[in-house]
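Numbering (UniProt numbering), first residue to last: 1 to 819.
We put the CB at the ideal spot given by N, CA and C, even for glycine.
The structure appears right after this line, and notes come after that.
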RNA sequence: GGGCGAGUGGCGGAAUGGUAUACGCGCACGGCUUAGAACCGUGUUCCGAAAGGAUUGGAGGUUCGAGUCCUCUCUCGCCCACCA
């Protein structure tokens with residue numbers, strides 16, 4: 001295509017100046033007000049940033065450039081989340097070590113971010129796999145350890161032989177309901193393993209409460225609240241000759257309707273509740289359930305199954321005998337692993353009871369007295385208790401309180417809050433991650449490598465460096481690869497006795513849980529960050545990231561932050577003030593980009609061919625940030641054409657006083673709108689405004705030089721290279737001086753007096769339909785407008801003799817007639 | 001099954017309760033070209049020759065006035081999924 005400028009030459013020239021002089025520097029303690037704009041850091045997994053990254057980082061870059069020109073001290077940092085599976089996977093594929101590829105990939109990513117002209121302060125670049133960085137990841141981990149929030153627990157975890165242990169969040173449900181790994185789509189199964197876990201449920205309440213302090217959009221708040229899954233209820237014992245069975249319920253008030261107590265197949269002392277005669281049957285069932293759990297237990301089974309255990313327990317309120325059943329729809333990992341089955345008032349219990357012929361009894365009736373048939377359909381709402389002894393006639397809320405109190409007083413139960421949020425499995429049987437800085441003493445007990453408060457010890461012994469090895473591939477047996485480095489594993493404890501190092505490593509999430517803190521003070525060797533500097537920069541003002549991270553990364557890092565806040569390590573109780581989730585960029589065919597489909601967009605090719613500015617402008621123009629779009633070559637061509645036209649418009653610029661008069665309104669309106677839209681992050685409509693002005697300017701006889709300068713400044717955040725070029729040209733700046741960069745200039749202002757005209761045309765509606773237009777003076781009074789309307793020929797024609805019953809005049813906007 | 005979000009031209013999309021379809025793509029016609037590409041100009045929601053009429057997934061409602069607010073309903077997307 002024909003082009004009016006040599007984008008390569010322009011880009012190379014300005015890139016060189018900008019980054020050498022670090023014009024996008026974020027200054028600690030600057031007098032200017034600060035803005036911390038953050039976009040999730042990428043994990044290096046290819047030689048160049050991919051198209052999705054461009055989509056993720058361009059709008060935040062435009063926004064931070066806008067803020068910088070508006071007088072803010074802006075930090076828009078970038079780093080590389082190099083530890084973890086993506087980079088390790090890439091290294092395995094390339095037959096190199098992760099260390100080697102990380103260095104190359106980080107270089108390539110940095111280069112591509114600069115090719116795109118991102119306004120990043122590169123003095124703050126970080127890499128999570130850099131020992132200087134993960135020294136502090138380890139130190140922070142030890143804070144959790146010292147405070148009992150990082151512990152080892154034997155627990156069922158997702159496991160697959162390709163990847164080892166996976167976190168709940170790394171497992172997805174496949175097309176047929178089978179569980180697969182997020183990465184690689186391998187079949188996963190449940191296994192019992194001793195695992196490091198972070199006790200995030202201890203912060204469940206604070207994580208819910210803290211949302212109030214943020215300006216997150218509601219859908220993100222709700223997603224987090226739902227994920228945490230708070231349930232208020234009670235635990236109650238059903239007595240037996242042996243130990244009682246304790247159940248968790250949110251509806252203790254329905255206990256008179258309990259037809260059974262159901263325990264999960266993995267229930268700890270299950271066989272205490274199985275009679276001799278039912279033992280065989282139960283064993284078969286438990287075995288089958290286990291099989292299922294190892295294969296595809298979670299295949300969506302609306303179909304419930306279970307077996308009678310042959311024994312009975314006593315309902316603590318009614319004193320009735322209650323049969324004990326075993327069923328795999330009851331989860332071991334939630335509540336107590338046992339439930340009371342109330343078929344009249346719970347959907348699942350209803351299905352189960354219908355299938356096995358258990359008694360269905362109504363113990364709550366709707367408050368409005370409507371008839372319900374619990375035999376057909378359970379009634380799950382609150383209402384009035386019936387058939388419930390002394391409790392009958394009282395409201396559900398009342399009964400819940402009274403029953404819980406009684407259970408507590410008499411010692412057979414208690415008030416209880418449960419959360420769906422589980423312990424965060426924090427160890428991985430992989431090589432490429434932060435070594436967990438703990439040793440096993442000879443007696444098998446654990447010891448932290450250092451006392452985090454002992455400054456000298458920290459400097460001497462952290463980080464526990466990940467030993468270099470070419471033999472880093474995951475083990476067939478799922479054991480940690482570091483176990484194979486026998487010499488490394490051997491160490492000593494604090495007392496000089498032989499000890500063994502922990503060989504498991506932290507998950508990818510570790511480094512990214514606190515990276516936004518490190519950006520504030522990235523080179524600090526004595527602390528993860530200086531408290532005073534953190535106080536200056538925190539919280540993050542705007543956080544842009546991936547939709548998939550709403551319940552994983554975003555929750556994790558809030559958890560870390562809140563814990564650090566409790567320790568007095570960070571100055572704010574929340575890390576992020578505001579969050580926006582970005583959409584995806586699809587291939588031109590509307591499908592997710594993938595090599596197998598052959599629809600992958602290569603940003604390097606695009607930048608080479610169209611230039612960075614055209615690509616940036618297209619990504620802004622394509623639509624709102626949080627939506628998903630297919631790539632469209634025609635779209636970039638259009639933005640490229642727009643930039644080309646700037647080089648034609650340039651010829652019309654004049655410094656004559658009379659120049660550009662006809663554009664005054666267009667220009668001022670554009671400044672006003674673009675300013676407001678940038679504030680609202682509506683970059684797509686900003687581009688429309690630029691085009692509208694260009695269209696008007698094309699028709700105008702001349703453009704005033706001041707208008708042109710303002711236009712270039714408005715364009716600067718969007719097309720930084722061309723803007724810099726045009727700025728230097730119009731100002732006759734021949735050499736480079738940082739302070740003359742367009743990106744450090746002040747944002748244009750608009751003249752409100754140029755926006756309004758004295759006469760305007762407004763529509764006249766008759767019964768809701770526009771029938772005429774009238775011309776009037778701005779601010780005209782109702783009487784004069786009515787005269788205009790009544791004498792308007794179109795109105796007279798449309799009225800066709802009918803009388804005006806009512807006239808509504810919205811000043812300077814519209815006239816509405818009712819006839 | 002639950003939660004959240006969204007439905008506007010052939011397409012991406014725009015619209016503080018106040019002239020729906022801005023801006024761009026595509027398309028059509030014209031110009032420039034030996035020709036094509038590129039570029040430039042004009043037009044382009046639909047029906048209709050026009051006058052006019054219809055139109056924001058569908059059905060109701062509130063209002064002088066609804067894409068926007070309320071109720072019901074359909075479809076799609078994302079997240080979660082037996083959490084007692």
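Where does residue i fall in DSSP's three states?
| i | result |
| --- | --- |
| residue 799 | helix |
| residue 448 | strand |
| residue 683 | helix |
| residue 77 | coil |
| residue 272 | helix |
| residue 341 | strand |
| residue 116 | coil |
| residue 808 | strand |
| residue 777 | strand |
| residue 844 | With the chain covering only 1 through 819, there is no way to say anything about residue 844. |
| residue 432 | coil |
| residue 771 | strand |
| residue 181 | strand |
| residue 63 | helix |
| residue 68 | helix |
| residue 820 | The shown model of the chain, from 1 to 819, leaves out residue 820, and the question about it has no answer. |
Would you decide whether residue i is buried or exposed? Buried here means 16 or more other CB atoms lie within 10 Å of its CB.
| i | result |
| --- | --- |
| residue 361 | buried |
| residue 271 | exposed |
| residue 468 | exposed |
| residue 41 | buried |
| residue 632 | exposed |
| residue 306 | buried |
| residue 456 | exposed |
| residue 7 | buried |
| residue 147 | exposed |
| residue 20 | exposed |
| residue 135 | buried |
| residue 4 | exposed |
Please report the straight-line C-alpha distance between residue i and residue j, rounded to a whole angstrom.
| i | j | result |
| --- | --- | --- |
| residue 328 | residue 241 | 24 Å |
| residue 873 | residue 465 | Since the first residue of the chain shown is 1 and the last is 819, residue 873 is not available in this structure. |
| residue 605 | residue 717 | 22 Å |
| residue 811 | residue 783 | 12 Å |
| residue 300 | residue 11 | With a pLDDT of 47 at residue 300, under the threshold of 50, the modelled position of this residue cannot be trusted; read the value that follows with caution. When rounded, the distance between both Cα atoms is 54 Å. |
| residue 350 | residue 234 | 21 Å |
| residue 220 | residue 734 | 49 Å |
| residue 572 | residue 143 | 18 Å |
| residue 345 | residue 251 | 9 Å |
| residue 802 | residue 225 | 59 Å |
| residue 283 | residue 311 | 15 Å |
| residue 357 | residue 304 | 13 Å |
When the Cα of residue i is compared with those of the options, which residue comes out closest?
| i | options | result |
| --- | --- | --- |
| residue 48 | 104, 22, 37 and 286 | 104 |
| residue 779 | 761, 794 and 796 | 761 |
| residue 121 | 61, 86 and 555 | 61 |
| residue 154 | 197, 119 and 675 | 197 |
| residue 355 | 322, 393 and 308 | 308 |
| residue 249 | 523, 101 and 418 | 418 |
| residue 188 | 163, 16 and 763 | 163 |
| residue 82 | 191, 107 and 562 | 107 |
| residue 743 | 72, 30, 528 and 493 | 72 |
Kindly indicate the opening and closing residues of the beta strand (DSSP E) around residue i.
| i | result |
| --- | --- |
| residue 580 | 579-582 |
| residue 418 | 413-419 |
| residue 245 | 245-249 |
| residue 359 | That residue, residue 359, is in no beta strand (DSSP E); it is neither H nor E in DSSP. |
| residue 312 | 306-314 |
For the alpha helix (DSSP H) holding residue i, just list the boundary residues, first then last.
| i | result |
| --- | --- |
| residue 722 | 720-730 |
| residue 604 | 603-610 |
| residue 815 | Note, residue 815: premise wrong, no alpha helix (DSSP H); beta strand (DSSP E) at 814-818. |
| residue 238 | Note, residue 238: premise wrong, no alpha helix (DSSP H); beta strand (DSSP E) at 230-238. |
| residue 591 | Element bounds for residue 591: n/a, residue is neither H nor E. |
| residue 384 | No alpha helix (DSSP H) holds residue 384; the beta strand (DSSP E) holding it covers 383-385. |
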